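In this note's numbering, the protein residues as written are 62 to 396. Comments concern the structure below.
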């Protein structure tokens, strides 16, 4: 009997659950972030924040302390609330902060450790972050701020230090890597729209397709410097980047074969009227992207830039002096 291998499939990570979620600002302007991330801590408090009173849970005396040193009653009450959250928070309270373009999260051991006077780089007391701070969801996907809702990220502008996270469900959904049903529906609708547009674009006549290409290039920052309609030989559009002066020759075709592309590329290289070239085609008869990359030409607007110079490719039988690819000197005249 043939031997068999027992494959152990890794179990999916356990979802994060929390009794509540608190946002904390790690120092003024994030001054304590480096210390907290490096030392697995949640730091809080400055020199004027007593340690003995909150340790004794004497919140009335703590409020009196803040008012005695000149804080308004409402401000003193706010400081007491923050102290209670920091000192009394259980281990199942989830803490979050925003730093370095990401959402960070952790749980904390209940014990509060007093460090003494706060400095520019660390707070005066801390709780140990269980497992350290994380800026990815439970599946390892980065929690970059640009993919999070402002309903959550607006906490980064909170003027004080600690506050409850009202969008707790949303926060946990991000951390657990759960799909947003509304976002998924929008994405599905977008894909359906793109498929429908692809069908409609393929029905455009040549003039309309060239006009569409011109509009797309204009919205991308390219300025047309030639008239439409192929005034220049082999070029339907000659466009320019106003800031850099880079020119790009554009050929618009409803259909194209691989031979069409290679012939167009060779003729554009010989003309040398532009720094780059772009073939726009909605119905190519070959896998354009794969073919282009395989030949060393980077596809996309503004890519495939050529410069004059001797060909460095030993296998090329063409005499030196023809144009070569700007990226790594790849020969552009090879079959």
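Yeah, the Cβ is synthetic: ideal placement off N, Cα and C, and Gly gets one too. Every value quoted in this text rests on a predicted model; they were computed, and no experiment measured them.
Exercise. Pull up the DSSP beta-bridge partners for residue 132, would you.
Key: By one-based count along the chain shown, residue 132 stands at place 71. Partner(s): none; residue 132 has no beta bridge.
Quiz item: Per the contact definition of three or more C-beta pairs closer than 8 Å, is the segment 158-175 in contact with the segment 189-200?
Solution: Here the segment 189-200 makes contact with the segment 158-175; the two share three or more CB pairs at distances below 8 Å.
Quiz prompt | Own chain, CB closer than 6 Å to residue 81, minus 5 neighbours either side, in chain order | solution = Along the chain shown, one-based indexing puts residue 81 at 20. Correct list, in chain order: 154.
Quiz item: How big is the Cα-Cα spacing for residue 224 and residue 250?
Solution: In the chain shown, the residue the question calls residue 224 occupies position 163. In the chain shown, the residue the question calls residue 250 occupies position 189. Using only the alpha carbons, I get a separation of about 37 Å.
Exercise. Output the boundary residues of the alpha helix (DSSP H) element that contains residue 229.
Key: Taking the first residue of the chain shown as position 1, residue 229 is located at position 168. Its alpha helix (DSSP H) spans residues 229-236.
Quiz prompt | Coil, strand or helix - residue 306 by DSSP | solution = Here residue 306 is taken as the residue at index 245 of the chain shown, counted from 1. Coil at residue 306, not helix or strand.
Quiz item: Quick one: Cα of residue 236 to Cα of residue 204, how far?
Solution: Start at 1 with the first residue of the chain shown, and residue 236 comes out as number 175. Start at 1 with the first residue of the chain shown, and residue 204 comes out as number 143. Looking at the two C-alpha atoms, the distance is approximately 8 Å.
Self-check item: Sheet register partners of residue 339 (DSSP bridge)
Solution: What you label residue 339 is simply residue 278 of the chain shown in a count that begins at 1. Paired residue(s): 311.
Quiz item: Which of helix, strand or coil does DSSP assign to residue 212?
Solution: On the chain shown, residue 212 is found 151 positions in, with the first residue counted as 1. Residue state, collapsed to three classes: helix.
Quiz item: Is residue 87 near residue 142, with beta carbons less than 8 Å apart?
Solution: Counted from its first residue, the chain shown places residue 87 at position 26. Counted from its first residue, the chain shown places residue 142 at position 81. No, they are not a contact pair.
Exercise. Identify the continuous beta strand (DSSP E) that holds residue 158 and give its terminal residues.
Key: Here residue 158 refers to the residue found at position 97 of the chain shown. Its beta strand (DSSP E) spans residues 154-160.
Quiz item: For residue 186, which option in 217, 147 and 294 has the closest C-alpha, if you only look at C-alpha atoms?
Solution: Along the chain shown, read from residue 1 onward, the residue named residue 186 stands at position 125. Nearest option by C-alpha distance: 147.
Quiz item: Across which residues does DSSP place residue 174 in a beta bridge pair?
Solution: On the chain shown, residue 174 is found 113 positions in, with the first residue counted as 1. BP columns for residue 174 point to 187.
Quiz item: With burial defined as no fewer than 16 other Cβ atoms inside 10 Å of the residue's Cβ, what is the status of residue 336: buried or exposed?
Solution: Locating residue 336 in the chain shown gives position 275, counting from the first residue. By the 16-neighbour rule on beta-carbons within 10 angstroms, residue 336 is buried.
Quiz item: Quick one: Cα of residue 308 to Cα of residue 323, how far?
Solution: Position 247 of the chain shown, counted from the first residue, corresponds to residue 308. Position 262 of the chain shown, counted from the first residue, corresponds to residue 323. C-alpha separation (whole angstroms): 20 Å.
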